[in-house]
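Chemist: All residue numbers for the sequence shown refer to numbering that gives the first Met the number 0, where the first residue is 0 and numbers rise by one.
By construction, the Cβ of each residue, glycine as well, lies at the ideal position given by its N, Cα and C atoms.
Can you keep this structure in mind? I'll have questions shortly.
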Amino acid sequence: MCEWIYAYGVKQHFSSVWTRESRPAKSTALSRDQIVRAAMELLDTEGLDALSMRRLGARLGSGATSIYWHVANKDELLELVMDEVFGKVALPDPSVVGWRDAVSMFAHGLRAALFEHPWSVALIGTRPSLGPNAMEISSRLLRTFSLAGFEGMALDYASSALMSYVLGVTTPEIAWRAAMAGAELSDEGLMAGMKSAVDKAAADHPELAARYAEYAGEDPGTSRELNFDFGLTCILDGLQERLRQASMEPRATRPGPATPHEARSSEA
Numbered sequence: 000m001c002e003w004i005y006a007y008g009v010k011q012h013f014s015s016v017w018t019r020e021s022r023p024a025k026s027t028a029l030s031r032d033q034i035v036r037a038a039m040e041l042l043d044t045e046g047l048d049a050l051s052m053r054r055l056g057a058r059l060g061s062g063a064t065s066i067y068w069h070v071a072n073k074d075e076l077l078e079l080v081m082d083e084v085f086g087k088v089a090l091p092d093p094s095v096v097g098w099r100d101a102v103s104m105f106a107h108g109l110r111a112a113l114f115e116h117p118w119s120v121a122l123i124g125t126r127p128s129l130g131p132n133a134m135e136i137s138s139r140l141l142r143t144f145s146l147a148g149f150e151g152m153a154l155d156y157a158s159s160a161l162m163s164y165v166l167g168v169t170t171p172e173i174a175w176r177a178a179m180a181g182a183e184l185s186d187e188g189l190m191a192g193m194k195s196a197v198d199k200a201a202a203d204h205p206e207l208a209a210r211y212a213e214y215a216g217e218d219p220g221t222s223r224e225l226n227f228d229f230g231l232t233c234i235l236d237g238l239q240e241r242l243r244q245a246s247m248e249p250r251a252t253r254p255g256p257a258t259p260h261e262a263r264s265s266e267a
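Structural data, given as structure tokens:
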């Protein structure tokens, strides 16, 4: 998750809701938790473009001024809701379930959280992830890969490879779901409607037409889940193979003071 923070920081002067002290509430009428819950409800029902302080204030039955007492701007509000999404991702103790199962549960949990809050994919990498939930999940993921045997920069590389896979597969699926909702079509209806077009487009590529035909009658959601799990297994297999190869490599010799035996050997 570190690269998300860096990507944000190089674009503008770094600031975060998590790096400044929160103000005491003027009254008990409105709390930060209430603001965050209402913002997430608005985002879930109407999307990222619909969020504004004015609309959020109307939803809360309060003026925008009351919201600004808790968050300085919309960017800070987005940091808060994004951390709530991270709080929904579970990562079990790898010393109990094993590192592969722990990483797999994390990947499926993150995927489920992104599907539940599809607006969140547009925020990853654009806001600093410094909230308590983000820090907790980052720390646990680091510990998981450390217990697996990764060291140094390889810890970050392993984490980055996993995150890139989850986001790379899930983001276009979320876009697909949004397109289906906008067109008021089901996956099955669209697949059936596209069949004749695909048959025509793939006339010169029979192998593609044959592959497409094999999906006829299958549940698209199940097919995508199987596809995700296959790719995740490949990622984990690759990481495990890296560990196996590293275990077979000799440790690099580190410079240091010679032992008495080595000193006598060099003098001879």
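Look at residue 114 and residue 176 and say whether their C-beta atoms are less than 9 Å apart.
Modeler: Residue mapping note: residue 114 aligns to position 115 of the sequence shown, counting from 1. Residue mapping note: residue 176 aligns to position 177 of the sequence shown, counting from 1. Yes.
Chemist: When you compare only the Cα positions, how much space is there between residue 272 and residue 233?
Modeler: Look at the range of the chain in this structure, 0 to 267, and you will see that residue 272 is not part of it.
Chemist: To which residues of the same chain is residue 66 closer than 7 Å at the C-beta, ignoring the five residues directly before and after it?
Modeler: In the sequence shown, residue 66 corresponds to position 67, counting from 1. So the list reads 34, 52, 55, 56, once near-sequence residues are dropped.
Chemist: Does DSSP put residue 107 in a helix, a strand or coil?
Modeler: Position 108 of the sequence shown, counted from the start, is the residue given in the question as residue 107. It is helical.
Chemist: Here's the rule: buried if 16 or more other CB atoms are within 10 angstroms of the residue's CB, otherwise exposed. What is residue 28?
Modeler: The residue you call residue 28 lines up with position 29 of the sequence shown. Residue 28 is exposed by the Cβ-count criterion.
Chemist: Which residue from 74, 204, 171, 144 puts its Cα closest to that of residue 103?
Modeler: Along the sequence shown, read from residue 1 onward, the residue named residue 103 stands at position 104. Out of 74, 204, 171, 144, 144 has the C-alpha closest to the C-alpha of residue 103.
Chemist: If we ignore side chains and look at the alpha-carbon of each, how far apart do residue 95 and residue 146 end up?
Modeler: Against the sequence shown, residue 95 aligns to sequence position 96. Against the sequence shown, residue 146 aligns to sequence position 147. Roughly 11 Å separates the two Cα atoms.
Chemist: Secondary structure at residue 95, three-state DSSP: helix, strand or coil?
Modeler: Counting from 1 along the sequence shown, the entry for residue 95 is found at position 96. Here residue 95 sits in helix by DSSP.
Chemist: Could you tell me the alpha carbon to alpha carbon distance between residue 47 and residue 72, rounded to whole angstroms?
Modeler: Looking up residue 47 in the sequence shown gives position 48. Looking up residue 72 in the sequence shown gives position 73. Approximately 15 Å, taken between the alpha carbons.
Chemist: Take the Cβ of residue 85 as the centre, count every other Cβ of all protein chains shown within 10 Å, and call the residue buried at 16 or more, exposed below.
Modeler: To locate residue 85, count along the sequence shown from 1; it is residue 86. Label assigned to residue 85: buried.
Chemist: If you follow the alpha helix (DSSP H) that residue 136 is part of, which residue opens it and which one closes it?
Modeler: The residue given as residue 136 occupies position 137 in the sequence shown. Run containing residue 136: 131 to 147, per the alpha helix (DSSP H) assignment.
Chemist: Around the C-beta of residue 195, are 16 or more other C-beta atoms found within 10 angstroms, so that it is buried, or is it exposed?
Modeler: Along the sequence shown, one-based indexing puts residue 195 at 196. So residue 195 ends up on the exposed side.
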